[in-house]
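> Handing you this structure, nothing more for now.
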Amino acid sequence: MTDLHRYHRQMLLPGIGETGQRRIRAAHVLVVGCGALGTAIADGLARAGVGTLTIVDRDFVEITNLQRQVLFDETDVASGLPKAEAARRKLARINHEVVVHAHVADFNHRNAARLAAGAEVIVDGLDNFETRYLLNDLAVRDGRPYVYGGAVATTGLSMTVLPWPGAGAGAGTGAGRGGAAWGASESTPCLRCVFPEAPPPGSSPTCDTAGVLGPAVTMVAAHQVAQTLKLLVGRVDAVDRGLLSLDVWTNVVQRFDVSGARNPDCECCGARTFAYLDGRAGSGATTLCGREAVQITPAADHRLDLAGIAAQLAAHGTFTVNEFLVRGVLRDERGGSGAPVELTVFPDGRAIVKGITDVDAARAVYARYVGA
Ligand SMILES: [Zn+2]
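The structure is reproduced here in structure tokens:
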């Protein structure tokens, strides 16, 4: 019996074997976001024996999370534990051999490089495009694989980014880092080649406005874990280079060939400018002095459908709408002092989150209820 005995069934697979298992044990993976996707991803990676996991999430466990966030239970809700810490404790009981670095933090351009240090694969458990573009910047800049995933309602998407090892700072450093190595012919488009811009605020559903079915998330997370394990054992050839799209309600599963989607003019992987990582792109957020409020300013001006946003928010409180704004109190949100949180959204996408002074907390409220 070897020290790897618990992974016996996984090592039986010709694509893994004992050599692959030792690579998995030596690996370090970053999981950003520890909600429905992130818990299922971290669970899968820890059980598979990934040696080191860094998990980043800024939220606390709530009762409405338990329907789909597989690492949490009622005790975590009662304890009011942060998700990253609750996940670390649960993962330690699942596989004590895994070193888990849990960070209760908003993943942003200021801390991205530090939190990602040492991770050879970046896995996406996020709920917003702005932070995804930040992960994409990080991956392309450093030549690290990035495994995108997203799920809302009954649908999900997943795509693995193997950055183009072209000229430029940091290029090609992904090749040889950890188990995975790839050349230009095996590289893929980046996330911004496929989705150049984030959808306008309020235009796309979020899990808080449209709901989410657990199995849709689980399927996306399973796909992400599978691609990550293939990368860790060096089987880049087996990685899915397409965009997976699924709907567990209509039973439609599609794979889109995105091999021709690489855009030489892409700001990220073409021009190698990393505006999200540099903090030049993305929404702005400023505390409004003396008002216990934060103003969120989207990166670009929009013309929002205020009536549509009011309809989405109706399930979360009493909202009023006129031609200038949508305003109401979010029933399930409390500010730092326990005060109710009032959300006001303007037609250009700007919003004021009142009752909160923490900029990152206000951005999280915006991402959940308006969407970005
Ligand atoms: Zn690109």
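Adding 36 to a residue's 1-based position in the sequence shown gives its number in this note's numbering. From the three backbone atoms N, C-alpha and C, an ideal C-beta is built for every residue, glycine too.
CB-CB under 7 Å to Cys70, same chain, minus the five flanking residues each way: which ones, in chain order?
Taken in chain order, the residues that qualify are Ala78, Ile91, Asp93, Lys119, Ala120, Ala123, Gly161.
> Which runs of the beta strand (DSSP E) spanning at least 3 residues fall entirely within the segment 133 to 220, listed in chain order?
Correct list: 135 to 140, 157 to 160, 182 to 188, 191 to 197.
> Exposed or buried, which one is Val401 when buried takes at least 16 other CB atoms within 10 Å?
The residue is buried, with at least 16 neighbouring Cβ atoms inside 10 Å.
> Give me the pocket residues for ligand 1, defined as CB within less than 5 Å of any heavy atom, sorted by chain position.
Qualifying residues come out as Cys226, Arg228, Cys229, Cys302, Cys304, Cys305.
> From which residue to which residue does the beta strand (DSSP E) around Gln290 run?
Start and end: 288 to 292.
> For Gly212, count neighbouring Cβ atoms within 10 angstroms of its own Cβ and tell me buried if that reaches 16, exposed if not.
Note on Gly212: pLDDT 44, under 50, position unreliable in the model; the coordinate value appears next. By the 10 Å Cβ count, Gly212 comes out exposed.
> How about Val197 and Leu170: are their beta carbons less than 7 Å apart?
Not in contact: Val197 and Leu170 (Cβ atoms no closer than 7 Å).
> Quick one: any contact between the segment 276 to 293 and the segment 177 to 196, if contact means 3 or more CB pairs under 8 Å?
Touching, yes, given that three or more Cβ pairs across the two stretches are closer than 8 Å.
> Does any residue of chain C have a CB that is nearer than 7 Å to the CB of Glu166?
Reference to chain C is not applicable here, since this structure consists of a single protein chain.
> When the distance is taken between beta carbons, is Ala297 closer than 7 Å to Pro225?
Taking 7 Å as the Cβ cut-off, Pro225 and Ala297 qualify as a contacting pair.
> Under DSSP, the alpha helix (DSSP H) around Asn64 begins and ends at which residues?
Here residue 64 turns out to be His, not Asn, going by the sequence shown. That residue, His64, is in no alpha helix (DSSP H); its beta strand (DSSP E) goes 64 to 68.
> Val330 and Val248 - do their beta-carbons sit closer together than 7 Å?
In this structure, Val330 does not lie closer than 7 Å to Val248 by Cβ.
> I think Gly385 touches Pro236, with their Cβ atoms under 8 Å apart; what is that distance to the nearest whole Å?
That pair is a contact at about 7 Å.
> Please say whether Arg150 and Phe310 have beta carbons closer to each other than 7 Å?
Not a contact, by the Cβ cut-off of 7 Å.
> Would Trp218 be called buried (16 or more neighbouring beta carbons within 10 Å of its own) or exposed?
Buried: at least 16 other Cβ atoms inside 10 Å.
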